[in-house]
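Enquirer: Residue numbers (the UniProt record's numbering): 266 to 612. Input: one structure, supplied below.
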Ligand code: F1P
């Protein structure tokens, strides 16, 4: 801590050292694969982690819904490392899935918000996300902290395995340290325009969310958040899969939310936007600042600050959380206590 205060130790490095990641370093280096187990929003964080860990650390990752994993007969060995992600730390499906993996000798690393919770207690090591205890049921801040921890984890694992250049590591650490001010700027500068967009579309019967690559899990999360706190049906899809079915839904009444920030598949997402436009769907796009092409195509757009493409999804989800919030409140819903949902799903 003293080193960190003196500026000698990166805060991310500090978080990981305190977390006990070192404790399972040998297991991680020997791991045949990493299996991520979670539910709901936490599962979406896990899906993005698969992209990050495979890209940066070149380890095979599988992402499992705990509710499926616990009831099937998965192949688990003592060489497997399981990452459990849970805000509440009490989700019954995740807990039982972990007990099953532990009984077969796997090592368990937890990314949990609630200190001392049941899931935290059965892990071999872990990181607490410390996102706070709010009354809100739908996971928003917890999701952002899960993502930052998972990206830090991927970077550290890449360093252990020597699969990342010092330059890229330094660049990503710097961009991560810039995240708080960029998040702040989205919250302050885009709030009003997002509220206007929500007003315009709050009576739509259904929404489609599309993204590719690192933004695909964000499309899933955007759709889930809308369902949870506005009760509007929404579907998240990989943009390239659209032509294999969902495109039949598109007409002038369907708002289609694109997560279209600048990345290696940007040209492809632009052509997906053109396909929707040709079918008269309403385009709402989350785009990088100064992206004239995407801005020109969208009916409504929300810009976010530029950052590295690996980090961009952490910023891109914030306007989607706000959009759901304003659609929900605009429809008179108590977004902190959505019907039928519980903060901890313990059965
Ligand atoms: C998982 C989860 C949340 C969702 C809702 C129900 O919880 O699906 O993502 O928003 O609250 O539970 P957790 O395991 O992350 O606590």
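We treat Cβ as the ideally placed atom computed from N, Cα and C, and that holds for glycine. The structure displayed is predicted, hence computed values, not measured ones.
(1) Closer than 8 Å by C-beta to residue 434: which residues in its own chain qualify, once you throw out the five before and the five after it? Chain order, please.
(2) Is residue 608 a contact residue of the ligand F1P, with contact defined as CB to any heavy atom under 8 Å?
(3) Does residue 326 pass the burial test, meaning 16 or more other C-beta atoms within 10 Å, or should it be called exposed?
(4) Looking only at C-alpha atoms, which of 545, 580, 553, 581 sits nearest to residue 564?
(5) Nearer than 8 Å: is that true of the beta carbon of residue 348 relative to any heavy atom of the ligand F1P?
(6) One question on the structure: do residue 521 and residue 547 come within less than 9 Å of each other, judged by their Cβ atoms?
(7) Enumerated in chain order, which unbroken segments of the alpha helix (DSSP H) with a length of 4 residues or greater are wholly contained in the UniProt domain "SIS" (462 to 603)?
(8) How long is the line joining the alpha carbons of residue 469 and residue 605, rounded to whole angstroms?
(9) Heavy atom of the ligand MG less than 8 Å from the Cβ of residue 495, yes or no?
(10) Is the beta carbon of residue 392 sitting closer than 9 Å to the one on residue 321?
(11) Between which residues of its own chain and residue 293 is the CB-CB distance below 7 Å, once the five residues before and five after are set aside?
(12) Any idea what DSSP makes of residue 336, helix, strand or coil?
(13) Would you report the Cα separation of residue 285 and residue 389, rounded to the nearest angstrom?
(14) Is residue 352 close to the ligand F1P? I mean its beta-carbon at under 8 Å from any heavy atom of the ligand.
(15) With a CB to CB cut of under 8 Å and the five nearest residues on each side skipped, what residues in its chain are close to residue 597?
(16) Straight-line CA distance for residue 368 to residue 375?
(17) Which runs of the beta strand (DSSP E) spanning at least 3 residues fall entirely within the UniProt domain "SIS" (289 to 428), listed in chain order?
(18) Report yes or no: do the stretch 554 to 572 and the stretch 483 to 503 share at least 3 C-beta pairs separated by less than 8 Å?
(19) DSSP on residue 430, reduced to helix/strand/coil?
(20) At a cut-off of 8 Å, would you count residue 302 as near the ligand F1P, judging by its Cβ distance to the nearest heavy atom?
(21) For residue 363, which option in 582, 611, 335, 379 has the closest C-alpha, if you only look at C-alpha atoms?
(22) Within its chain, find whatever has a CB closer than 8 Å to the CB of residue 538; leave out the 5 residues flanking it on each side and keep chain order.
(23) Does the stretch 505 to 520 touch the stretch 449 to 456, meaning 3 or more C-beta pairs lie closer than 8 Å?
(24) For residue 502, I'd like the list of residues in its chain whose CB is within less than 6 Å of its CB, leaving aside the five on either flank, ordered along the chain.
(25) Any contact between the stretch 352 to 361 and the stretch 583 to 600? By contact I mean 3 or more CB pairs, one from each, below 8 Å.
(26) So is residue 417 buried or exposed if we call it buried at 16+ other beta carbons inside 10 Å?
(27) What number of angstroms, rounded off, separates the C-alpha of residue 528 from the C-alpha of residue 472?
(28) Cutting at 6 Å between CB atoms, please list the residues of its own chain near residue 543, excluding the five before and the five after it.
(29) Alpha carbons only, please: which of 514, 323, 337 is nearest the one belonging to residue 297?
(30) With DSSP collapsed to three states, give me the class of residue 610.
(31) Starting from residue 287, trace the alpha helix (DSSP H) both ways and give me its first and last residue.
(32) Using C-beta distances below 6 Å, list every residue in its chain close to residue 566, excluding the 5 sequence neighbours before and after it, in chain order.
(33) Three or more C-beta pairs closer than 8 Å, one from the stretch 399 to 411 and one from the stretch 380 to 389: is that the case here?
(34) Taking the alpha-carbon positions, what's the residue 465 to residue 338 distance?
(35) Excluding the five sequence neighbours on either side, which residues of its own chain have a C-beta within less than 7 Å of the C-beta of residue 581, listed in chain order?
(36) Quick check: the Cα distance between residue 593 and residue 309, rounded to an integer number of angstroms?
Expert: The relevant details are as follows:
(1) 420, 423, 424
(2) yes
(3) buried
(4) 545
(5) no
(6) yes
(7) 481 to 495, 531 to 543, 557 to 562, 577 to 595
(8) 22 Å
(9) No copy of the ligand MG appears in this structure; the ligands present are the ligand F1P.
(10) no
(11) 346, 422, 425
(12) coil
(13) 9 Å
(14) yes
(15) none
(16) 16 Å
(17) 298 to 303, 326 to 330, 345 to 351, 372 to 377, 390 to 393
(18) The stretch 554 to 572 vs the stretch 483 to 503: no contact.
(19) coil
(20) no
(21) 335
(22) 523, 525, 548, 550, 559, 562, 563
(23) no
(24) 475, 511
(25) no
(26) buried
(27) 24 Å
(28) none
(29) When only C-alpha atoms are compared, the closest one is 323.
(30) coil
(31) First-last for residue 287: undefined, no H or E at that position.
(32) 550, 552, 560
(33) no
(34) Answer to the nearest angstrom: the Cα atoms are 47 Å apart.
(35) 480, 483, 524, 526, 551, 569
(36) 21 Å
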